[in-house]
Every structure is written in C-alpha cells, then in structure tokens.
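Taking it in order: structure first as structure tokens, then the write-up.
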Amino acid sequence: MQTIRLTVREAAQAIQRQFGGPLCPDWALRRIVDELDADGHIDLHRVGLYRAVASDDLSLIANELRRLGRLETEVTP
C-alpha cells in the first residue's frame, strides 16, 4: 500500500481538522517534525524544498504538539 505524504502545511491543517485546536504555525511544526525525524520517530522525506510527512505519523506529531503545549490535551466529558 502506498503511503500518503503531506507537506508541513497540509499536516498542520489535517491535525487541526482531526484533533482540534488552533493551527500550529508552519515554522513551529517544521521544527517539531525535524526533531521527530532526527530522533527516528518519523520518516521525513524531502520533495524539493518541502518536508513531506506520512499521514500515518499525524498522531505522533499531534502527541508531540500536546507535550509542548501547542495543542490542547483531549478532555473526556
């Protein structure tokens, strides 16, 4: 099965749709994605000047955003 890749901006928009909260600035998400890639948690690809993340990694990225306080933690009613 082919992996769907998203640019950082597309990933930010997808995270906002799936997990709520305000849209994370592109520069902040790029930094987070680069760190997750350097730590071996995600497999970052480059397409020209763009970073491309796997759509399967969105939950990992969202968890890191939560840990850093850039995305609200989920609240159960």
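Throughout, the working numbering is defined as the position within the sequence shown, counted from one, plus 8. Beta carbons are placed, not taken as given, at the ideal position from N, Cα and C, and that holds for glycine. For clarity, every value in this text was computed on a predicted model and none was experimentally measured.
| request: Identify, in the order they occur along the chain, each residue of the same chain with its Cβ nearer than 7 Å to the Cβ of Ala20, setting aside the five sequence neighbours on each side. | output: Leu31, Cys32, Asp34, Leu37
| request: Enumerate in chain order the residues of its own chain whose CB-to-CB distance from Ile5 is below 6 Å, with the five nearest sequence positions on each side excluded. | output: Because the chain is modelled from 9 through 85, residue 5 falls outside the range shown and cannot be assessed.
| said: Quick check on the DSSP output: the beta strand (DSSP E) that includes Arg13 runs from which residue to which? | reply: 13-15
| DSSP bridge partner residues for Val61 (one or two, in chain order) | Leu14
| request: For Val55, count neighbouring C-beta atoms within 10 Å of its own C-beta (all shown protein chains included) and say buried if the count is 16 or more, exposed if not. | output: exposed
| request: Consult DSSP for Arg38 and reduce its assignment to one of helix, strand or coil. | output: helix
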